[in-house]
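Novice:
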Amino acid sequence: MTDQAVHTGGPTPYTAPEADGFGGFVGRRCELARLRADLEGEGLDAPAGRPAAPHGRVLLVAGRPGSGRTALAEEFVRQVAADHPDGVLRARLTDPDGTPVPTERTARDLLRALGRPVRAGAGERELVEALRAALTGRRALLLLDEVATPGQLTDLLPDGRAPLVLAVSRGPLTGVPDVRPCTLGGLDTESAVALLARRAGETPRVTVDPRAAECLVEACGGRPAALVLVAGWLAAHPMASVAEAVRRFGDLPDTLPGEPADGIARGVGRLPRPRTHPAPAARPLVRALLLMHGSLPPPAARTLRLLALAPAGLVDAHTAAALAGCPVDTAAATLEGFVRLGLLRTTVVPGQYEVPGCLAPLLTVLLRESERPAEVQLARARMLERAVRLLRSCRAAAEPSGSPARREMAGLPRALRFATPAAAAGWLDSRLPALRAAAGLAARDGELDTLARRLVSALTRALSAHLRPDEAAPELYRLYELLPPVTARRGLHGERAAALLALGDLDVRADRPRGALTRYRAALEAARAAGERGAGMAARAMESLGDTYAHLGDRARATDWYGRALALCQSRGDLAAEARLHGLIGAEHLREGYWEEALRAWRAAAAAYRRLKDGRGYVRALEEVARAQEGAGRTEESLRTRREALRWARRPGSGLSDGLNRREVAYEMYSGEHKN
2 MTDQAVHTGG PTPYTAPEAD GFGGFVGRRC ELARLRADLE GEGLDAPAGR PAAPHGRVLL
62 VAGRPGSGRT ALAEEFVRQV AADHPDGVLR ARLTDPDGTP VPTERTARDL LRALGRPVRA
122 GAGERELVEA LRAALTGRRA LLLLDEVATP GQLTDLLPDG RAPLVLAVSR GPLTGVPDVR
182 PCTLGGLDTE SAVALLARRA GETPRVTVDP RAAECLVEAC GGRPAALVLV AGWLAAHPMA
242 SVAEAVRRFG DLPDTLPGEP ADGIARGVGR LPRPRTHPAP AARPLVRALL LMHGSLPPPA
302 ARTLRLLALA PAGLVDAHTA AALAGCPVDT AAATLEGFVR LGLLRTTVVP GQYEVPGCLA
362 PLLTVLLRES ERPAEVQLAR ARMLERAVRL LRSCRAAAEP SGSPARREMA GLPRALRFAT
422 PAAAAGWLDS RLPALRAAAG LAARDGELDT LARRLVSALT RALSAHLRPD EAAPELYRLY
482 ELLPPVTARR GLHGERAAAL LALGDLDVRA DRPRGALTRY RAALEAARAA GERGAGMAAR
542 AMESLGDTYA HLGDRARATD WYGRALALCQ SRGDLAAEAR LHGLIGAEHL REGYWEEALR
602 AWRAAAAAYR RLKDGRGYVR ALEEVARAQE GAGRTEESLR TRREALRWAR RPGSGLSDGL
662 NRREVAYEMY SGEHKN
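Residues in the sequence shown are numbered consecutively from 2, following the working numbering.
1) Under the three-state reduction of DSSP, which class applies to TYR619: helix, strand or coil?
2) Pick from LEU291, ALA227, PRO101, HIS85: whose alpha carbon is nearest that of GLY138?
3) Can you give the beta carbon distance from ALA236 to GLY202, rounded, assuming they're within the 8 Å contact cut?
4) If you draw a straight line from the alpha carbon of MET2 to that of ASP87, how long is it in whole angstroms?
5) Within its chain, find whatever has a CB closer than 7 Å to the CB of LEU460; leave out the 5 residues flanking it on each side and keep chain order.
6) Kindly provide the ranges of any alpha helix (DSSP H) runs that are 4 or more residues long and lie completely inside the segment 381 to 463, ordered along the chain.
7) Alpha helix (DSSP H) containing LEU502: first to last residue?
8) Quick check on DSSP: helix, strand or coil for ASP160?
9) Let me know if ARG454 comes out buried or exposed under the rule of 16 or more other beta-carbons within 10 Å of its beta-carbon.
10) At which residues does the beta strand (DSSP E) containing THR184 begin and terminate?
11) Please classify SER402 as buried or exposed, where buried requires at least 16 other C-beta atoms within 10 Å of its C-beta.
12) Going by DSSP in three states, SER170 sits in which element: helix, strand or coil?
13) Would you kindly check if the distance between the Cβ of PRO164 and the Cβ of LEU136 is under 7 Å?
14) Please return the same chain residues whose Cβ sits closer than 6 Å to the Cβ of HIS467, not counting the five positions on each side in sequence.
15) Tell me whether MET240 counts as near the ligand FMN, meaning its Cβ is closer than 6 Å to at least one heavy atom of that ligand.
16) Along the chain, which unbroken stretches of the alpha helix (DSSP H) at least 4 residues long are found entirely within the segment 527 to 582?
17) Where in the segment 53 to 141 do unbroken runs of the alpha helix (DSSP H), each at least 4 residues long, occur, reported from the N-terminal end onward?
18) Do ARG643 and ALA633 count as a contact pair if the criterion is CB distance below 7 Å?
19) Counting only the same chain and skipping the five closest in sequence on each side, list residues whose C-beta sits under 7 Å from that of GLY172.
20) Evaluate MET410 with the Cβ neighbour count: other Cβ atoms within 10 Å of its Cβ, from every protein chain shown; 16 or more gives buried, anything less gives exposed.
21) For ALA498 and ASP110, I'd like the C-alpha separation in whole angstroms.
22) Among ALA527, GLU472, PRO205, GLU589, which residue has its Cα nearest to the Cα of SER548?
23) How would you label PRO279, buried or exposed, when you count the other beta carbons within 10 angstroms and need 16 or more for buried?
24) With DSSP run on the structure shown, which of helix, strand or coil describes GLU645?
25) Determine the burial state of HIS552: buried for a count of at least 16 other Cβ atoms within 10 Å of its Cβ, exposed for fewer.
26) Assuming LEU307 is part of the alpha helix (DSSP H), what are its boundary residues?
27) Between the segment 107 to 124 and the segment 506 to 518, do three or more beta carbon pairs fall short of 8 Å?
28) Determine the DSSP secondary structure at GLU482, reduced to helix, strand or coil.
29) May I have the straight-line CA-CA distance separating MET240 from CYS221, to the nearest angstrom?
30) For CYS359, count neighbouring C-beta atoms within 10 Å of its own C-beta (all shown protein chains included) and say buried if the count is 16 or more, exposed if not.
31) From the DSSP output, which residues share a beta bridge with TYR354?
32) How far does the alpha helix (DSSP H) with GLY295 in it reach, from first residue to last?
33) With a Cβ-Cβ cutoff of 7 Å, do LEU324 and LEU297 count as a contact?
34) Would a C-beta distance cut-off of 7 Å place THR365 and ALA289 closer than the cut-off?
35) Would you identify the three-state DSSP class for ALA633, choosing helix, strand or coil?
36) Would you tell me roughly how many angstroms separate the C-alpha atoms of VAL129 and LEU158, rounded to the nearest one?
Written as structure tokens, this is what we have:
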């Protein structure tokens, strides 16, 4: 069975609960039994006599952050995965800052996980229809975590009854038909105590003092996330008793600095504020985090706070090292320690971790109140710079051995090098969601535009080096779309024009010529704003407009744009572009049967190729001149032109020897017909 995972903010595969190294899932037997019964039941519509819903079955796990809703969903997935041989797909529908993920982004990433081709720049409707078609009839399980709105869910529901959809949300999703909700509260006391005992270390403190353990469970409200953090504190303090943990927990405030309750607020650069503050029921989680945070050594505590900056909540040793400004080995050990303390979750990607969604907004508040804006911005810059260096090394790994890029990579520290092209490609694939999110955050930041541009450039080059053009195109489109606002903000008209030209080219490849025309016109405007330095891109935009109109069959406009590009290239002395554009104009005239106009254009092209000493281009132009002459009824001139083309084709060093016999035969047949 395949196990495909996507986290659309970016894609992150969640770890099954039994993979945390603490003995697996605890409690929730009644909830799991209810989910199983709902799965095997007829559905909510059947008892009412209504026809079954046209979409797949939907189970809902609802609960506040920290209630263990994702862990319960993962445990249920583990239990029923064998019944879904077509695989498990996961997607998270809320970004770490609380922003709902757009449906088109979710659909695109799920299609990528399914290995289904996606057109570059495809819109939401096209992507959703493609996803539904891909899922229809598949015995698959779709786990949608952190569903923010009912619309996010209904937009993604596949047709047919085969796929099972398991949604995880804060509350009920009204308006979604045939949903079977399972609402979570706190763990029962027995299960909560067992969870404490399992994660508190080898010292049997929990079982020795059951009354204190029950008090601790009550203080935590039975919330698994809070219990895990307190248990982590006990594990880190083997000499502390459970009663001491209860006392320390009770002495802590249940609000964070900067929350409305205390009125303290200091901004940190453009660090986003959480969209919502912890609800009253989540206050035990605040105390548990403060207990853990206060017990960490200062460097580790600072690293923990800086994880609020991790793109899409995903972090590895390189990201943590760059944020904290420490060696990679130190960062790796710190992250492993955070996993043991319950502050991070592992993922199925080796060496990559996830900040739990319930902790991300709390860490953002702690970071805002504990770090100076300049330090936060510096940490961000270090993280982006590290990503750029890794991407350059990743691209270099795809180059031939001994190339300049490979030699440059050999001079990098060992931690930044890739042993093989396959290793580089695997790293790029696994880190792509985080890299994409980092590029998006940097582009929107407004203060790190230079790094944003460098990161997008490095990422596009790495993708182009390791993926086929059709595979890379959708990702490249998303990246190029980030650049126009950044370049416009900085007045970098040339770079803006280049990005718009790239988007236009991808639109053409995706068979969206009208969209390409819009992109090319915007590129032309930006290139003109760049002045003399943008003249080359202006000519390129004009030529691309001509190509697109030619594709649409509008010969008059195509010829007009080719003519404008030609005039600009002539003013710049770009002889190669002149030759090409004369040929394009001649080709359009030939298609329309304008023989004299075609003849003039192709003669000009031939003259330019001859000045360039381009034998291949000159012979091709002569052949087209001969066609135009023949169309105009100038048979003898056409024969003379073909003889000239043949003579040039026979010249040593012309590069046309492979096609010489074919050309000679064609010429002899042609001249023989006319002799007869």
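Where a beta carbon is used, it is the ideal one built from N, C-alpha and C, also for glycine.
Specialist: Let's see:
1) It is helical.
2) Ranked by Cα distance from GLY138, the options LEU291, ALA227, PRO101, HIS85 are led by HIS85.
3) Contact flag correct, Cβ pair sits at about 4 Å.
4) Bear in mind that a pLDDT of 36 at MET2, under 50, signals an unreliable position, so the number given afterwards is only what the model happens to contain. Near 6 Å, if we compare the C-alpha coordinates of ASP87 and MET2.
5) Correct list, in chain order: LEU392, LEU436, ALA440, LEU480.
6) Qualifying alpha helix (DSSP H) stretches, in chain order: 405 to 411, 422 to 446.
7) First-last of the alpha helix (DSSP H) with LEU502: 494 to 510.
8) If DSSP states are grouped into helix, strand and coil, ASP160 belongs with the strands.
9) Taking every protein chain shown into account, the CB of ARG454 has 16 or more other CB atoms within 10 angstroms, so this residue is buried.
10) In the DSSP assignment, THR184 falls within the unbroken beta strand (DSSP E) covering 180 to 184.
11) With fewer than 16 other Cβ atoms within 10 Å, it is exposed.
12) SER170 falls in the strand class under three-state DSSP.
13) Yes, the pair counts as a contact, with Cβ atoms nearer than the cut-off.
14) Correct list, in chain order: ALA399, ALA426, LEU429.
15) What this structure holds is no ligand at all, so the ligand FMN is not there to describe.
16) The segment 527 to 582 is shown to contain whole alpha helix (DSSP H) runs of 4 or more residues at 536 to 552, 556 to 573, in chain order.
17) Restricted to the segment 53 to 141, the alpha helix (DSSP H) segments that are unbroken, complete and at least 4 residues in length are 70 to 81, 104 to 115, 125 to 136, listed in chain order.
18) A distance of 7 Å or more separates the beta carbons of ALA633 and ARG643.
19) Closer than 7 Å at Cβ, skipping near neighbours: ALA63.
20) Buried, by the Cβ-count rule.
21) Approximately 28 Å, taken between the alpha carbons.
22) For clarity, residue 548 is Asp in the given sequence; the question names Ser instead. For the residues ALA527, GLU472, PRO205, GLU589, the minimum Cα distance to ASP548 belongs to GLU589.
23) Only weak support exists for where PRO279 lies, its pLDDT of 48 falling under 50; the coordinates are left without a value.
24) If DSSP states are grouped into helix, strand and coil, GLU645 belongs with the helices.
25) Per the 10 Å Cβ criterion, exposed.
26) Annotation: the continuous alpha helix (DSSP H) that includes LEU307 extends over 299 to 307.
27) Contact between the segment 107 to 124 and the segment 506 to 518 is present, because at least three Cβ pairs lie under 8 Å.
28) Correct three-state label for GLU482: coil.
29) Using only the alpha carbons, I get a separation of about 21 Å.
30) CYS359 is buried by the Cβ-count criterion.
31) TYR354 is bridged to VAL316, THR347.
32) Under the DSSP assignment, GLY295 falls in the alpha helix (DSSP H) whose first and last residues are 284 to 296.
33) It is not a contact, given that the beta carbons lie outside the stated cut-off.
34) Not a contact, by the Cβ cut-off of 7 Å.
35) Three-state DSSP puts ALA633 in coil, outside helix and strand.
36) Each residue's Cα considered, the two are about 9 Å apart.
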